[in-house]
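Sequence lines, in order, name chains A and B.
Residue 97 in UniProt numbering sits at position 97 of the first sequence, with consecutive numbering throughout.
Residue 82 in UniProt numbering sits at position 82 of the second sequence, with consecutive numbering throughout.
Cβ atoms here follow ideal geometry from the backbone N, Cα and C, with glycine treated the same way.
Inspection log for the structure reproduced underneath, given as structure tokens.
Number of protein chains: 2
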Amino acid sequence: MENNQRREILIAVIAKLTAKPGHEEELGAALTDGAAKVLAGEPGCLLYRVARSRSEAGVYKLMEVYESQAALDAHPNTPHFAEIRTALAAHLGAAPEVEFLDALN
Amino acid sequence: MENNQRREILIAVIAKLTAKPGHEEELGAALTDGAAKVLAGEPGCLLYRVARSRSEAGVYKLMEVYESQAALDAHPNTPHFAEIRTALAAHLGAAPEVEFLDALN
């Protein structure tokens, strides 16, 4: 491997998930359950934080970092991701908004 | 302390910083320098990631988590924050947008 092998850029994801009215608590619970599965099952996922907005009712943000494009590509194809998607579907009021970023540290 | 003492809620912050045109690289460098100072100088800061948007030119997002309101309140009053603010000022094209959230994990 060359010494100046460019360190693979870490990939960050910020996702916005909006609850169906009346499903705010359930969405939060499904997201934190899902986070535990991701962190346990995906060593390439370096960060997976669930946070509830204080300014937008029923809105949650996910803060994620993956060690490589391969780790990010594998994420939606894991068995637990299918479970998470099913669990979330009942409580989402809008399609998730997902932003991809280059993590710099 | 009561047993059912509610665990202090972790506070998450997602901040959007937009570079002055032509200052994109300098803003990124100033942010990553600042991140190193925060992580070294603020034990109450549990997460401080700098990421560059892949969809919005010149936009950086900060993903931060603090262990308590006290840790968050202390953040802007640290000596290094004043240095960071000065370093950023020359490269910002708009006022930072800051969102506060309750971190759930």
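- Under the Cβ distance rule, Lys-61 of chain B counts among the residues neighbouring chain A, one pair being separated by less than 8 Å.
- Sequence-ordered contacts of the segment 74 to 105 of chain A with chain B read Glu-99, Phe-100, Leu-101, Asp-102, Ala-103, Leu-104 and Asn-105 [C-beta pairs closer than 8 Å].
- If you draw a straight line from the Cα of Ala-87 of chain B to the Cα of Glu-42 of chain B, it comes to about 19 Å.
- Judged by beta-carbon spacing, Ile-14 of chain B lies beyond the 8 Å limit of Asp-102 of chain B, meaning their Cβ atoms are not closer than that value.
- Note that the segment 81 to 97 of chain A touches the segment 15 to 31 of chain A; at least 3 beta-carbon pairs, one per stretch, sit closer than 8 Å.
- Residues of chain B whose Cβ lies closer than 7 Å to the Cβ of Gly-28 of chain A are, in chain order, Leu-104.
- Taking one beta carbon from each stretch, the segment 69 to 80 of chain B and the segment 28 to 42 of chain A have fewer than 3 pairs nearer than 8 Å; the two do not touch.
- Along the UniProt domain "ABM" (11 to 100) of chain B, the beta strand (DSSP E) occurs as fully enclosed runs of 3 or more residues at 45 to 53 and 59 to 66, listed in sequence order.
- Close CB contacts of Ala-51 of chain B within its chain, under the 6 Å cut and outside five residues either way in sequence, are with Lys-61 (chain order).
- Within 9 Å of the CB of Ser-55 of chain A, the CB atoms of chain B belong to Glu-99, Phe-100 and Leu-101, in sequence order along the chain.
- Considering only A:His-91, A:Gly-58 and A:Ala-12, the residue with the shortest C-alpha distance to Tyr-48 of chain A is A:Ala-12.
- Near chain B, meaning a CB-to-CB distance below 8 Å, the residues of the segment 6 to 19 of chain A are Ala-12 and Ile-14.
- Relative to Lys-37 of chain B, the option among B:Leu-104, B:Leu-27, B:Glu-25 and B:Phe-81 whose CA is nearest is B:Phe-81.
- Residue-level contact by beta carbon holds for Ala-51 of chain B and chain A, with a gap shorter than 8 Å.
- A residue is called buried once 16 or more other Cβ atoms fall within 10 Å of its Cβ, and Gly-28 of chain B is buried on that count.
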